[in-house]
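Line by line, the protein sequences are chains A and B.
FYI, the UniProt record's numbering numbers position 111 of the first sequence as 111, with every residue one higher than the one before it.
FYI, the UniProt record's numbering numbers position 299 of the second sequence as 299, with every residue one higher than the one before it.
Inspection log for the structure reproduced underneath, given as structure tokens.
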Amino acid sequence: MKPDDKNIQWVEEPKLGLAGRMYLPLFVQGLTTTVKHLVAPKVTVSYPDQEPEIGNPLIYRGVHRLNKDEDGRVKCVACFLCATACPAHCIDIIGVESPWPDREKYPESFVIDELRCIYCGMCEEACPVDAIELTSLYNLTGRSREEMIFDKEKLLSVYDMTKDQEAMKSRSLGGTVGG
Amino acid sequence: MSATLIAALIKIAILIGGLMTAAAYLVLLERRIAAWIQDRRGPNRVGIPLTKVRVWGFGQPLADGVKFILKEEYTPAHVDKRLYVLAPVMILAAALAVFAVIPFGGVIAPLWEGMDPIPLVVAPTMNVGVLYVFALSSLAVYGVILGGWASNNKYSFLGGLRSSAQLIAYELPLGLGLLGVVLACGSLDLDTIILRQAETGVWLAFAQPLGLIVFTIAAFAEAARLPFDLPECEQELIGGYHTEYSGIKLLLFLVAEFLHMITAAFLIVILFFGGWHLWGMPAEQEVSWYVALARAVILSTKVLAVIVFFMVVRWSWPRFRFDQLMALAWKVMLPLGLVNLAAVAIFQELQLHFNPDGGLPLKLAFILASWGVCAAAWTAVAIAGPLVTDNRARRDIEPLET
Numbered sequence: 001m002k003p004d005d006k007n008i009q010w011v012e013e014p015k016l017g018l019a020g021r022m023y024l025p026l027f028v029q030g031l032t033t034t035v036k037h038l039v040a041p042k043v044t045v046s047y048p049d050q051e052p053e054i055g056n057p058l059i060y061r062g063v064h065r066l067n068k069d070e071d072g073r074v075k076c077v078a079c080f081l082c083a084t085a086c087p088a089h090c091i092d093i094i095g096v097e098s099p100w101p102d103r104e105k106y107p108e109s110f111v112i113d114e115l116r117c118i119y120c121g122m123c124e125e126a127c128p129v130d131a132i133e134l135t136s137l138y139n140l141t142g143r144s145r146e147e148m149i150f151d152k153e154k155l156l157s158v159y160d161m162t163k164d165q166e167a168m169k170s171r172s173l174g175g176t177v178g179g
Numbered sequence: 001m002s003a004t005l006i007a008a009l010i011k012i013a014i015l016i017g018g019l020m021t022a023a024a025y026l027v028l029l030e031r032r033i034a035a036w037i038q039d040r041r042g043p044n045r046v047g048i049p050l051t052k053v054r055v056w057g058f059g060q061p062l063a064d065g066v067k068f069i070l071k072e073e074y075t076p077a078h079v080d081k082r083l084y085v086l087a088p089v090m091i092l093a094a095a096l097a098v099f100a101v102i103p104f105g106g107v108i109a110p111l112w113e114g115m116d117p118i119p120l121v122v123a124p125t126m127n128v129g130v131l132y133v134f135a136l137s138s139l140a141v142y143g144v145i146l147g148g149w150a151s152n153n154k155y156s157f158l159g160g161l162r163s164s165a166q167l168i169a170y171e172l173p174l175g176l177g178l179l180g181v182v183l184a185c186g187s188l189d190l191d192t193i194i195l196r197q198a199e200t201g202v203w204l205a206f207a208q209p210l211g212l213i214v215f216t217i218a219a220f221a222e223a224a225r226l227p228f229d230l231p232e233c234e235q236e237l238i239g240g241y242h243t244e245y246s247g248i249k250l251l252l253f254l255v256a257e258f259l260h261m262i263t264a265a266f267l268i269v270i271l272f273f274g275g276w277h278l279w280g281m282p283a284e285q286e287v288s289w290y291v292a293l294a295r296a297v298i299l300s301t302k303v304l305a306v307i308v309f310f311m312v313v314r315w316s317w318p319r320f321r322f323d324q325l326m327a328l329a330w331k332v333m334l335p336l337g338l339v340n341l342a343a344v345a346i347f348q349e350l351q352l353h354f355n356p357d358g359g360l361p362l363k364l365a366f367i368l369a370s371w372g373v374c375a376a377a378w379t380a381v382a383i384a385g386p387l388v389t390d391n392r393a394r395r396d397i398e399p400l401e402t
């Protein structure tokens, strides 16, 4: 493209006044900005002395949990929709015939590899019965790889641990997923 | 061994220990101030080793030092070994040697009969102190150039070259800013310069504002601080002249850089802000030990204030382009420095002519006149506008057919 091309729109620089040429506004602006920030409140969160605030637990994607229904049974019906939706293939379900009359199947084993999970939240969106959900627990740690593979009991215990702080995310309760 | 030699050795030990500690803690201060300006907290976790006590990150310099010492000290195969080792040693030695003539607070009078007075300076009888400081501080550029050259690396070499051009360019306004002070005080001795300001009660910052501006900007450039840190601008040259250095050698470069800043702050305070002088303090050279101590504290506080200003300035304004840097030195600072020199010479002559003792109204008149000269010169430079450049494509000429 040549400088005289029609498609180039030339913008003139604003002319500096005498004060601008004396660098005075620049000095003042630069120093006021830095001094203002020097005394401004700091945004750093001093973790672990200070816990970070989770903005909205309803849309936060932390550690998984398996919800229970009113009778304390696992809600999951072993439909494999979450395992199918999972892009990281971290969900491993073994479904067997259900002992209860209201559903056909239930998971005998439900294992999530938390190290492989990418916390995308597709499993909770896929679930038709709001059984799997992501909580706002963010500080997941472990000393071995085996420890980070969560089985059904562990996932249900996460539900027991968090059910008081966090309601289920289903839309009827104000959440973003489910019916 | 004579007593003076022992005294000098003790002073050197105190000075080097103090300076090294000061440089280490200034690194912490710099990091904290940088963090505060960026709305962060900065390093505040490292406290006393082996305890849980955190005192605002005061253990950080120790941790940094240990890290630098324990890191692998890698010497690339393509470097010139001797110069590569020599460069950091040279730059640090030059930076430290400057402090031999910096006075820290006059002379302590004899504490008992028959004892010699103790001058609070390593080399007390040096009466060309200013020349010594400038000779040594311009020697520092050798360390930078040697480091860049010995590294055998394009970026390092560019950093070294930029540094040499910058230091040569800013040596002139630095000298011109200083000449005004020397002219007004009639001495090259730093002690005498402080004494003159203490006796008249007029700090030269008030009497020579233009000299202060020129000297301060040139001192920033000499210390290679932002907005003049072209020799090592990270975005373009990686680390500049110290790209190839690691471990303790890199530490020496970084400490020398902070020492340059401390030197610049000391010179600004001594030449323009009355050194250890505060109104109401005794203005004699020889004082009792507690006055000398108070003077040292006052001097250090002033120096610390200037250093904090250096650190705040770092985040306030963007770095100059190299052509702007050169234009500022040759087209702005040099004329301003000359105007300052001429003005100081004329005022000095007039003052002597009218009233050699210098009453307060006369002093005030000359101070006001010098501020007028400062404003006039600055405005003149702004109207001439040597820094206003338009480097966009020219539209009034035919583009070349390609």
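Each residue gets a CB set at the ideal place from its N, CA and C atoms; glycine is no exception.
A quick note: this is a predicted structure, and the numbers were derived from the prediction, not measured.
Per DSSP, the unbroken alpha helix (DSSP H) holding S163(B) starts and ends at 154 to 185. Shown here, G121(A) sits in coil according to DSSP, grouped into three states, outside any helix or strand. Of the residues P110(B), S316(B), I6(B), the one whose Cα lies closest to the Cα of V122(B) is I6(B). Under the Cβ distance rule, Y23(A) counts among the residues neighbouring chain B, one pair being separated by less than 9 Å. If you check the CB distance, C127(A) and L81(A) come in under 9 Å. Taking Q60(B) as the centre and dropping the five residues before and after it, the same chain places the C-beta of L28, P43, V46 closer than 6 Å to its C-beta, in chain order.
DSSP places G18(B) within a helical segment (H, G or I) once states are collapsed to three. With a threshold of 9 Å between beta carbons, G160(B) makes no contact with chain A.
Contact between the stretch 84 to 102 of chain B and the stretch 56 to 70 of chain B is absent: fewer than 3 CB-CB pairs across the two stretches fall below 8 Å. Sequence-ordered contacts of the stretch 105 to 116 of chain B with chain A are nonexistent [C-beta pairs closer than 8 Å].
Pairing H277(B) with Q197(B) gives a Cβ-Cβ distance under 9 Å. Residue burial is scored here from C-beta neighbours: N7(A) has fewer than 16 other C-beta atoms within 10 angstroms and is therefore classed as exposed.
N139(A) and C79(A) have their C-alpha atoms roughly 30 Å apart. From the beta-carbon of Q38(B), the residues of chain A found nearer than 8 Å are H37.
In this model, M22(A) and M281(B) are separated by some 38 Å (Cα to Cα). For S370(B), there is no enclosing beta strand (DSSP E); the residue is part of the alpha helix (DSSP H) that begins and ends at 360 to 384. Scanning V312(B), W315(B), G106(B), I383(B) for the CA closest to the CA of T192(B) turns up G106(B).
In the DSSP secondary-structure assignment, L66(A) is bridged to I132(A). Just so you know, the alpha carbons of A329(B) and P57(A) end up roughly 58 Å apart. Within chain A, no residue has its beta carbon less than 7 Å from that of G143(B); the closest one is some 31 Å off. Just measuring C-alpha positions, the residue of R162(B), G201(B), Y241(B), L183(B) sitting nearest A221(B) is R162(B). Of all residues in the stretch 114 to 138 of chain B, none places a beta-carbon less than 7 Å from a beta-carbon of chain A. DSSP, read as helix, strand or coil, puts Y159(A) in helix. Closest by C-alpha distance to V74(A), out of E166(A), D164(A), D160(A), is D160(A).
Secondary structure at P209(B): helix, using DSSP grouped into helix, strand and coil.
When DSSP states are grouped into helix, strand and coil, K36(A) belongs to the helix group. Around the beta carbon of G160(B), 16 or more other beta carbons sit within 10 angstroms, so the residue counts as buried.
Closer than 7 Å at the C-beta level to chain A, one finds these residues of the stretch 40 to 55 of chain B: R40, R41. I93(A) carries a strand assignment under DSSP once its states are collapsed to helix, strand and coil. Where K249(B) is concerned, the enclosing alpha helix (DSSP H) starts and stops at 247 to 272.
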